[in-house]
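Student: Here's a structure for you.
Protein chains: 4
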Amino acid sequence: MADSIKKVVLAYSGGLDTSVILKWLQTEYGCEVVTFTADLGQGEELEPARAKALMLGIKPENIFIDDLREEFVKDFVFPMMRANALYEGLYLLGTSIARPLIAERQIEIAKAVGADAVSHGATGKGNDQVRFELGYYALSPDIRIIAPWREWSLNSREALIAFAEQHQIPVAKDKRGESPFSTDANLLHTSSEGKVLEDPWEEVPDYVYSRTDHPEEAPDAPEYITVDFERGDAVAINGEGLSPAALLAKLNELGKRHGIGRLDLLENRFVGMKSRGMYETPGGTILHIAHRGIEQITLDRGAAHLKDELMPKYAELIYNGFWFAPEREMLQAAIDHSQDKVTGTVRLKLYKGNVGVVGRKSPYSLYSAGIVTFEDDRGAYDQRDAAGFIRLNALRLRLLGRRDGR
Amino acid sequence: MADSIKKVVLAYSGGLDTSVILKWLQTEYGCEVVTFTADLGQGEELEPARAKALMLGIKPENIFIDDLREEFVKDFVFPMMRANALYEGLYLLGTSIARPLIAERQIEIAKAVGADAVSHGATGKGNDQVRFELGYYALSPDIRIIAPWREWSLNSREALIAFAEQHQIPVAKDKRGESPFSTDANLLHTSSEGKVLEDPWEEVPDYVYSRTDHPEEAPDAPEYITVDFERGDAVAINGEGLSPAALLAKLNELGKRHGIGRLDLLENRFVGMKSRGMYETPGGTILHIAHRGIEQITLDRGAAHLKDELMPKYAELIYNGFWFAPEREMLQAAIDHSQDKVTGTVRLKLYKGNVGVVGRKSPYSLYSAGIVTFEDDRGAYDQRDAAGFIRLNALRLRLLGRRDGR
Amino acid sequence: MADSIKKVVLAYSGGLDTSVILKWLQTEYGCEVVTFTADLGQGEELEPARAKALMLGIKPENIFIDDLREEFVKDFVFPMMRANALYEGLYLLGTSIARPLIAERQIEIAKAVGADAVSHGATGKGNDQVRFELGYYALSPDIRIIAPWREWSLNSREALIAFAEQHQIPVAKDKRGESPFSTDANLLHTSSEGKVLEDPWEEVPDYVYSRTDHPEEAPDAPEYITVDFERGDAVAINGEGLSPAALLAKLNELGKRHGIGRLDLLENRFVGMKSRGMYETPGGTILHIAHRGIEQITLDRGAAHLKDELMPKYAELIYNGFWFAPEREMLQAAIDHSQDKVTGTVRLKLYKGNVGVVGRKSPYSLYSAGIVTFEDDRGAYDQRDAAGFIRLNALRLRLLGRRDGR
Amino acid sequence: MADSIKKVVLAYSGGLDTSVILKWLQTEYGCEVVTFTADLGQGEELEPARAKALMLGIKPENIFIDDLREEFVKDFVFPMMRANALYEGLYLLGTSIARPLIAERQIEIAKAVGADAVSHGATGKGNDQVRFELGYYALSPDIRIIAPWREWSLNSREALIAFAEQHQIPVAKDKRGESPFSTDANLLHTSSEGKVLEDPWEEVPDYVYSRTDHPEEAPDAPEYITVDFERGDAVAINGEGLSPAALLAKLNELGKRHGIGRLDLLENRFVGMKSRGMYETPGGTILHIAHRGIEQITLDRGAAHLKDELMPKYAELIYNGFWFAPEREMLQAAIDHSQDKVTGTVRLKLYKGNVGVVGRKSPYSLYSAGIVTFEDDRGAYDQRDAAGFIRLNALRLRLLGRRDGR
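Residue numbers (full-length UniProt numbering), protein chains in the order written: chain P, 1 to 406; chain E, 1 to 406; chain V, 1 to 406; chain R, 1 to 406.
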């Protein structure tokens with residue numbers, strides 16, 4: 001494999017692992033390395049990545065640092081939220097949804113700088129390698145992909161640090177030992193897995209949580225908020241209009257304070273194994289519940305039930321890395337078609353880990369108190385109609401009953 | 001319609017409404033009335049129903065009072081829980097799942113006593129009329145059904161009470177006024193709807209909750225419990241084996257104490273309108289979460305994802321009253337087939353409205369720490385395999401990319 | 001019900017049944033009748049309908065006769081064909097797809113003339129009443145609907161003819177007796193049902209077929225044709241560009257000559273019963289097969305399989321009359337999204353009832369002979385990748401196998 | 001890879017390719033080779049395979065030749081037919097369904113003889129390698145798999161023949177040149193692909209067809225047959241009871257004579273590419289149509305539509321090689337549950353490539369002429385019920401219409 005690569009775009013965090021990869025690409029492939037560092041709201045300074053890249057010999061014009069937070073929320077998180085997507089019934093897909101954006105931007109850079117390869121730091125047992133690489137291939141079918149973790153022999157912490165020291169890569173003291181778990185973070189969530197989390201019978205230790213306050217330590221009084229939606233997307237909190245990223249950041253702050261959005265999950269990876277992870281999705285959890293709330297009052301039953309039936313497949317596609325596949329786009333087209341009138345306001349109660357809808361209203365409400373109650377309903381509902389409705393729905397069951405005589 | 005009915009079996013609660021129906025059936029149809037009162041764990045004494053029926057002239061041999069709690073949980077609630085059924089993403093179907101059992105027993109009684117009709121007290125705007133009557137028709141295709149609320153003219157509280165007084169039906173003082181909301185209860189849940197709940201923007205008043213303590217008043221310390229499963233069904237709590245009904249009652253007690261299982265929902269009825277309800281499903285909520293937890297460690301991905309895809313339709317069928325339809329049974333066959341090894345123990349944390357899995361273990365675990373980590377994995381996972389896996393999964397996307405050149 | 005209707009728009013064919021309805025509406029409701037007669041390619045002259053309406057006292061300005069053939073094919077048949085829709089695996093939905101267009105135009109007229117009601121001649125046991133009325137209600141929620149067959153007492157042929165004679169409605173001699181079966185026709189198909197077709201064990205008599213030559217009498221030599229598609233829709237036959245209706249008419253001619261498109265079906269009606277019908281869909285059958293052919297070479301697997309999974313529900317929605325429902329539109333949005341590159345040419349062989357694709361080509365072909373064979377494939381396929389692909393796909397099965405030890 | 005295999009069970013046809021594999025396994029791996037040759041109705045003598053294996057040095061006790069025809073039809077073809085399975089709308093899965101049985105038996109033999117590996121002759125670009133190997137892994141998770149086509153360098157016809165000559169493997173004269181296409185055959189079908197079929201615009205040459213007479217040369221008179229079903233499976237033809245394999249053979253004979261069951265398909269392989277194949281499935285095509293026919297009269301609508309919705313996924317699972325996966329078994333459980341009363345007789349017309357149902361009857365018929373017509377229907381159908389049925393089905397559309405005012 002180590003042939004003829006001229007220029008490679010590396011998804012670079014500035015951390016030890018991707019710094020080792022950077023150097024390994026230079027030494028193993030003898031190629032020019034372009035670094036790409038994205039701000040997806042992971043909460044880390046990006047400029048140190050620039051300094052480190054420079055120090056490792058990357059030319060200034062080969063260092064790309066982009067703030068993708070608004071694009072991330074607007075074009076990835078929000079479309080997914082329209083679908084009420086949950087993987088395996090529970091997981092809000094915080095890691096999965098970030099990968100296609102990184103891949104997309106990385107390919108854009110590769111095209112701009114004339115690179116013939118891309119590289120990432122995902123391991124060979126995880127889902128992220130699949131998500132990155134399916135994105136790369138979809139957007140640049142003939143790109144070369146270098147996945148160091150599947151190729152090299154630096155498969156222990158010791159080997160990695162030895163390589164770093166050999167190549168003058170600074171190793172922070174706190175990175176020398178094994179971390180007790182690994183994390184991934186962006187504006188939507190923080191995930192933690194590995195090591196101390198590997199026994200699925202053991203409760204996740206308190207110190208693993210970084211993104212949410214412990215429910216037990218959350219305020220003793222509930223907090224009420226409103227979220228306004230327009231055409232399926234959240235646009236304001238407590239009446240204050242916010243950009244997508246600002247809105248999600250605000251929800252994260254609220255969710256954090258009230259200990260909302262923790263999930264201990266044993267999930268099925270696309271590569272065939274089960275793994276245990278812990279997810280913190282404070283704002284996303286509120287958003288998910290709020291979106292369901294606004295749909296309740298604005299979405300037709302047929303549309304809502306079709307969405308529910310399509311959702312598991314949609315979530316699976318995102319989890320498995322098929323964001324750029326035609327079938328994901330088809331499902332998105334169906335989902336988006338349903339959101340035209342998903343506009344209005346949801347009121348939510350936040351309290352010690354709980355988030356629930358307590359009220360919803362909409363200029364496009366399909367709820368009619370007049371029909372539900374026994375008041376005058378403009379002739380929309382004649383109770384005698386129910387008899388015919390039931391009898392025709394029952395007809396096939398009666399024919400079955402006559403035949404099979406239970 | 002008021003022709004030629006000889007004997008009718010009435011689903012009789014002993015309350016004012018069904019007492020009026022009882023008398024109305026006698027006067028309007030001139031037929032013999034058989035009362036059927038079921039204990040589904042609604043938490044009311046049933047013997048007063050017997051006394052009241054006797055007082056209203058029902059012959060002792062025409063009074064049927066059955067304790068169906070075990071059957072309810074074992075044959076209805078548990079199969080539904082195996083499916084992880086949620087209607088519209090949130091509702092645990094507590095009312096829906098009780099109706100087919102009532103219908104089934106009512107038809108058994110009708111056959112035993114030679115009745116030619118059955119009757120129920122569900123109104124003409126709701127789902128319950130559909131659920132009862134689809135059950136009746138499926139099990140006794142030629143039965144006559146009398147649905148007084150769709151037939152009579154007693155459509156106001158005043159008319160009902162006037163009829164009661166005219167026919168010497170005792171009216172409790174607290175039943176004279178309009179109740180501020182109506183409820184339905186069984187071992188799985190209590191639902192509340194109507195009147196004070198009809199404005200979906202208004203928060204549910206505190207006094208509507210009857211089945212769960214307010215999360216704010218729940219204990220300040222979390223409680224940990226274990227639930228043992230065998231072949232998909234819960235069999236023990238904290239190691240203590242319990243019958244299905246006893247187990248659900250125990251979970252209800254735990255859920256109540258910790259304020260678990262409240263749901264404020266605006267839902268789509270089968271009869272075509274939206275309605276707002278409040279549900280309290282304390283034990284059922286714990287059971288639902290626990291069952292997902294045990295499936296996580298014992299269920300294959302293919303089985304789990306198929307279950308997730310089938311679930312919305314399964315839940316819709318139950319909600320709409322099609323428990324006895326072949327397609328519900330087919331889905332149940334598929335679901336039950338998957339539960340053979342869904343055996344093990346889930347550990348849960350209960351705290352102020354929250355319930356979450358914190359640990360799971362099973363003699364049939366499919367989780368392999370050895371594969372997920374980098375230790376020796378008996379050759380089950382070669383990271384280089386991932387490259388081929390990704391490349392073949394990407395092939396069609398690459399062909400698309402070459403054609404469409406994004 | 002016979003109250004206060006001022007003006008009604010009747011779907012009027014000019015035949016005996018709808019002429020009787022016309023008169024019955026005048027006498028029973030005392031209302032002004034507006035007739036609407038549509039040319040959907042049923043192959044009948046429409047001007048006699050005008051003359052008859054005038055004769056029955058309809059004002060000239062109240063007579064609407066529209067040629068809807070192009071709209072029918074372009075906006076209804078073609079979108080459905082994009083979905084490869086088959087009801088119950090076999091039926092091309094020729095009747096179902098015509099109803100929403102009729103309903104739509106009828107409501108347009110009702111709005112234009114200020115009518116407060118619409119009426120149709122569909123019976124109370126069939127699907128068409130549902131399709132018409134769901135269309136009416138969706139497009140004009142407060143319209144009054146008069147369905148004479150569910151209301152009147154003219155339920156025998158004799159009563160109908162007596163009413164006609166009493167009201168000076170001319171009755172053609174050949175309409176005096178009972179027809180041995182009833183038919184519906186439009187540019188897409190002719191359906192036949194009832195009477196001689198009611199025994200599902202008896203073969204459909206030869207004389208029932210009207211739209212296709214008997215395969216046994218079709219030419220002894222096959223005929224080859226090409227159909228060109230653009231973005232999922234057929235646009236040319238044998239290289240000759242044709243409008244949608246002209247194209248379907250041409251395919252009908254070809255299909256008729258070769259005895260293509262006959263279907264003897266026992267189907268499930270939405271109203272709960274089974275019925276037996278015979279359908280002749282000559283051009284539509286060719287179109288269906290041709291569309292599958294062009295998709296084979298231009299559509300991605302993920303898109304194609306998603307379409308196949310969604311199709312049964314889509315077909316059911318059309319069959320049941322839910323053309324104007326949001327969930328049908330959502331599915332259409334998904335389907336249409338997939339058709340962007342469904343462009344190219346299909347070659348078909350027509351022979352004595354058979355139609356099959358024998359060749360397909362496209363400027364957007366996803367088929368790559370280079371990849372499938374062992375020639376140079378630009379590195380797109382490395383056979384060793386298959387090993388990794390299989391091993392990761394197998395991983396969960398191996399874990400299951402180790403656990404369950406078959 | 002060429003390490004430490006002691007004994008390998010090879011799926012051996014006796015042909016040139018698998019004979020080369022046999023020798024290659026001996027020389028490359030130095031292991032003992034066990035041959036397994038199955039009669040799945042491919043229409044070839046099996047004893048020559050024994051002679052050839054002996055000649056190539058296989059010990060007599062290491063030669064396994066099994067007649068699996070009955071098991072093939074009974075346990076694989078029939079369950080699949082119950083599902084009405086069609087891959088991509090058209091393909092009856094004749095190759096796919098044979099692979100799991102071969103894999104199953106091969107693993108049984110491996111366990112019986114204490115082999116540590118299995119091997120097959122499928123190439124690295126096709127689906128069959130996946131189907132074989134998923135079967136092997138599911139049934140024997142730790143088995144070693146040798147796929148010579150992915151490993152060796154004999155990738156041209158010349159290299160293969162040179163190897164054969166070098167190792168004294170006899171090469172029939174007609175095998176020296178390249179075959180113009182390759183085939184796979186069993187009792188259900190013959191498939192042809194490659195070479196002359198690789199241009200999807202070119203019609204399949206006449207000489208490729210081997211299993212069916214040309215429709216143009218089929219009898220000029222139609223032939224009528226009956227097929228009896230019991231619980232979803234065919235049991236008799238023209239009243240004559242036949243074993244599963246004998247029945248399918250008889251249908252093949254009938255289908256061949258009438259030119260039935262040819263399919264020219266461009267399909268999507270699981271490994272990511274499109275390929276063009278030609279399938280001949282004479283008896284299977286008749287069986288498929290006949291099964292739909294008997295279901296029409298015996299299967300409830302809810303069951304039938306659920307089956308139609310599940311079918312594409314079921315077919316995809318079989319095509320992709322997941323016969324032994326839990327989700328295929330779950331779907332089978334659902335499907336089989338529906339077949340309990342799928343019993344009766346279908347009458348079919350066979351004529352020059354066409355097969356169609358012309359009559360169906362059943363002791364468990366759900367068709368009721370009495371309900372469909374206007375005769376006395378025991379009160380099962382009151383046309384006025386349709387009004388209520390429609391109005392409640394329309395309610396949500398009316399609410400939408402009022403809101404959105406199309």
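A virtual CB, placed ideally from N, CA and C, is assigned to each residue, including glycine.
Just to make sure I have the definition right: I need the residues of chain E whose C-beta is within less than 8 Å of the C-beta of residue 408(P). Which are they?
Tutor: Outside the displayed span of chain P (1 to 406) sits residue 408(P), for which this structure offers no information.
Student: Which runs of the alpha helix (DSSP H), 4 residues or longer, sit entirely within the stretch 124-197 of chain E?
Tutor: The stretch 124-197 of chain E contains these whole alpha helix (DSSP H) runs: 128-139, 148-151 and 157-166.
Student: At the 7 Å Cβ level, is His291(R) part of the contact set with chain E, yes or no?
Tutor: Chain E, which has no Cβ nearer than 7 Å to the Cβ of His291(R), makes this no.
Student: Taking the C-alpha atoms as reference points, what is the distance between Ile252(P) and Leu287(P)?
Tutor: For clarity, residue 252(P) is Asn in the given sequence; the question names Ile instead. If you take the alpha carbons of Asn252(P) and Leu287(P), they lie about 10 Å apart.
Student: How would you label Met1(V), buried or exposed, when you count the other beta carbons within 10 angstroms and need 16 or more for buried?
Tutor: Residue placement at Met1(V) is poorly supported in this model, since its pLDDT is 42, which falls under 50; the coordinates still yield a value, given next. Burial call: exposed.
Student: List, in order along the chain, the chain V residues whose C-beta lies closer than 8 Å to that of Leu366(P)?
Tutor: Simply none; closest approach about 11 Å.
Student: Kindly confirm or deny that the stretch 257-271 of chain P and the stretch 215-223 of chain P touch, where touching means at least three C-beta pairs closer than 8 Å.
Tutor: With a cut-off of 8 Å, the stretch 215-223 of chain P and the stretch 257-271 of chain P count as touching, because enough Cβ pairs lie within range.
Student: Can you tell me where the beta strand (DSSP E) with Ser243(V) in it begins and where it stops?
Tutor: From DSSP, Ser243(V) is part of no beta strand (DSSP E); its letter is neither H nor E.
Student: Determine the chain V residues that contact Gly302(E) at a beta-carbon separation under 8 Å, and present them in chain order.
Tutor: Residues of chain V passing the Cβ test: Arg396.
Student: Determine the burial state of Asn186(R): buried for a count of at least 16 other Cβ atoms within 10 Å of its Cβ, exposed for fewer.
Tutor: Burial call: buried.
Student: So, using beta-carbon positions, are Gly401(R) and Ala138(V) closer together than 7 Å?
Tutor: Their beta carbons are under 7 Å apart, which means Gly401(R) touches Ala138(V) by this criterion.
Student: Could you round the C-beta distance between Leu299(V) and Ser338(V) to whole angstroms and report it? I think they count as a contact, below 8 Å.
Tutor: The Cβ separation is near 6 Å, so the contact holds.
Student: Going by DSSP, what residue range makes up the alpha helix (DSSP H) through Tyr224(R)?
Tutor: Tyr224(R) -> not in any alpha helix (DSSP H); beta strand (DSSP E) instead, spanning Glu223 to Glu230.
Student: So what does DSSP say about Ser362(P), is it helix, strand or coil?
Tutor: Looking at Ser362(P) - three-state DSSP - the assignment turns out to be coil, as it is neither helix nor strand.
Student: When you check each C-beta in the stretch 138-153 of chain R against every C-beta of chain V, which residues fall closer than 9 Å?
Tutor: Going along the stretch 138-153 of chain R in chain order, one finds Ala138, Leu139, Ser140, Pro141, Asp142, Ile145, Ala147, Trp149, Arg150 and Glu151 with a Cβ nearer than 9 Å to chain V.
Student: Considering only the beta carbon of each residue, do Val8(R) and Ser119(R) sit closer than 7 Å?
Tutor: Yes, Cβ-Cβ distance for Val8(R) and Ser119(R) is below 7 Å.
Student: List the endpoints of the continuous beta strand (DSSP E) containing Ala325(R).
Tutor: That residue, Ala325(R), is in no beta strand (DSSP E); it is neither H nor E in DSSP.
Student: Determine, for Ile390(V), whether the minimum Cβ-Cβ distance to residues of chain R falls below 7 Å.
Tutor: Chain R contact via Cβ: present.
Student: Given this structure, state the Cα-to-Cα distance separating Ile65(V) from Ile58(V), to the nearest angstrom.
Tutor: Each residue's Cα considered, the two are about 13 Å apart.
Student: Just the C-alpha distance for Leu160(R) and Asp174(R), rounded to the nearest angstrom, thanks.
Tutor: Leu160(R) and Asp174(R): Cα-Cα distance of roughly 15 Å.
Student: Determine the chain V residues that contact Gly272(P) at a beta-carbon separation under 9 Å, and present them in chain order.
Tutor: Arg391, Leu392, Asn393, Ala394, Leu395, Arg396, Leu397, Arg398 and Leu399, listed in chain order.
Student: 7 Å is my cut-off, CB to CB: does Asp308(P) come that close to chain E?
Tutor: By this cut-off, Asp308(P) is an interface position.
Student: Return yes when the Cβ of Leu101(E) is within less than 7 Å of the Cβ of Phe72(E), no when it is not.
Tutor: Yes. Within cutoff.
Student: Answer with yes or no whether the minimum CB distance from Trp24(P) to chain E is below 7 Å.
Tutor: Not an interface residue.
Student: Quick check: what's the CA-CA separation for Asn84(R) versus Ala304(R)?
Tutor: When rounded, the distance between both Cα atoms is 10 Å.
Student: So Leu331(V) and Ala334(P) are in contact, right, with Cβ under 8 Å, and what is the actual spacing, rounded?
Tutor: Yes, they are in contact, since the Cβ atoms of Leu331(V) and Ala334(P) sit about 6 Å apart, within 8 Å.
Student: Give the DSSP-derived three-state secondary structure of Ile63(E) in the structure shown.
Tutor: In the structure shown, Ile63(E) sits in a strand (DSSP, three-state: E or B).
Student: Buried or exposed for Met81(V), please, with buried defined as at least 16 other CB atoms from any protein chain shown within 10 angstroms of its CB.
Tutor: Classification for Met81(V): buried.
Student: Report all residues from its chain with a CB closer than 7 Å to the CB of Ser243(E); omit the five preceding and five following residues, and keep chain order.
Tutor: Correct list, in chain order: Glu70.
Student: What did DSSP end up calling Asp199(E) once you bin it into helix, strand or coil?
Tutor: Note: Asp199(E) maps to coil in three-state DSSP.
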